[in-house]
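Q: Pasting a structure below so you can have a look.
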DNA sequence: TATACATCTGCGAATATTTGCAGATATGAA
DNA sequence: TTCATATCTGCAAATATTCGCAGATGTATA
């Protein structure tokens, strides 16, 4: 397979991996601190099993890593910078979809990057 | 729907939209200049119909725009910066997949960003 | 050991995406 | 108008993803 094709496929796989609202929310919640599955499930309002499945996928692609503390499984981002990269995607949707008020997008941009700025400052 | 959920969904839609090797190749080919469907089909080694379908999707989400010149349809990126953003995703796969030699990734990074640097310089 | 808690995995049903193909449409040239 | 070129659209089959649920595993505590 030609190299361009190959790299395009790998990039597509990364995009596919992230292309799910729950997984994006997970990355959002993990961008600052590690969390266990239960907490994540509550934050996202999803069943534990479902969150666990998404985490397994992210884990398989080494987007997140796991560490155990007793019976709890704590997850964190392998490369926290991925959160910044993802939120940068907002640049390509703002003002495009009436369904999402651009105020919501601005708020999101703030929430994601504000917290990242805090991290950088601390 | 809570705002975080809403924005996560929009982000997921963008990622889903891009998450296809052909569409990534299309964006790659369009990052410097506009092209017609036939040329793109040859570059990607795909049927015209298939390329046209992918372009229709990108067009619907305003990733690309179309202009007519006689019987040819010329496409270009609405926001060329999207190419830089996409290639930045390579940061999160390098060294992860044995299937893609990291030389291929380095080459790709060069090809995509070299050309972008040229654009910036001109 | 028995029990409860936390998480994971397997699997089938529902849903979404991709693909190729056949036929439409639109433009320009003869 | 007729023909060839360029592109688009509709549709059904193939493929991939998501979802919920039921049961498995692993760990701490009584």
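Chains as they are written, first to last, in my numbering: chain A, 19 to 140; chain B, 19 to 140.
Ideal Cβ placement from N, Cα and C applies to all residues, glycine included.
Is the Cβ of residue 89 of chain B closer than 8 Å to any Cβ of chain A?
A: Closer than 8 Å: no.
Q: Taking the CB atoms as reference points, tell me whether residue 141 of chain B and residue 26 of chain A lie closer together than 8 Å.
A: Shown here, chain B extends from 19 to 140; a query on residue 141 of chain B therefore has no answer.
Q: For residue 46 of chain A versus residue 101 of chain A, is the C-beta spacing smaller than 8 Å?
A: Closer than 8 Å, so yes.
Q: Between the region 29-59 of chain B and chain A, which residues of the former have CB atoms less than 9 Å from a CB of the latter, in chain order?
A: Result list: 29, 30, 31, 32, 33, 34, 35, 36, 37, 38, 39, 40, 41, 42, 43 and 46.
Q: Could you compute how far the alpha carbon of residue 83 of chain B sits from the alpha carbon of residue 77 of chain B?
A: Roughly 6 Å between the two C-alpha positions.
Q: Using the rule of at least 16 other Cβ atoms within 10 Å of the residue's Cβ for burial, across every protein chain shown, is residue 60 of chain A buried or exposed?
A: With fewer than 16 Cβ atoms within 10 Å of its Cβ, residue 60 of chain A is classed as exposed.
Q: As a quick exercise: from B:50, B:21, B:58 and B:87, pick the residue whose alpha carbon is nearest that of residue 73 of chain B.
A: Nearest of B:50, B:21, B:58 and B:87 to residue 73 of chain B, Cα basis: B:58.
Q: Run the CB neighbour count on residue 63 of chain B, radius 10 Å, all protein chains shown included, and call it buried at 16 or more, exposed below.
A: Counting Cβ neighbours within 10 Å, residue 63 of chain B comes out exposed, since fewer than 16 surround it.
Q: Buried or exposed for residue 140 of chain B, going by 16 or more other Cβ atoms inside 10 Å?
A: At residue 140 of chain B the pLDDT is 48, less than 50, meaning the model places this residue with poor confidence; the figure from the coordinates comes in the next sentence. It counts as exposed.
Q: Which of the three DSSP states is assigned to residue 40 of chain B in this structure?
A: Three-state result, residue 40 of chain B: helix.
Q: Mind checking if residue 125 of chain B is an interface residue toward chain A, Cβ cutoff 8 Å exclusive?
A: It does; some Cβ of chain A falls within 8 Å.
Q: Quick one: complete alpha helix (DSSP H) runs, 4+ long, within the region 43-71 of chain A?
A: As far as the region 43-71 of chain A is concerned, its whole alpha helix (DSSP H) runs of at least 4 residues are 55-62.
Q: Just to confirm, is the Cβ distance from residue 24 of chain A to residue 122 of chain B under 8 Å?
A: It is a contact, given that the beta carbons lie within the stated cut-off.
Q: Compare the C-beta of residue 106 of chain B against all C-beta atoms of chain A and say whether one is closer than 8 Å.
A: Closer than 8 Å to some Cβ of chain A, the Cβ of residue 106 of chain B qualifies, so yes.
Q: Does any C-beta atom of chain B lie closer than 8 Å to the C-beta of residue 140 of chain A?
A: Confidence in residue 140 of chain A is poor, its pLDDT being 46 and thus under 50, which makes the residue's placement unreliable; the coordinate value appears in the next sentence. Judged by the 8 Å Cβ criterion, residue 140 of chain A is not in contact with chain B.
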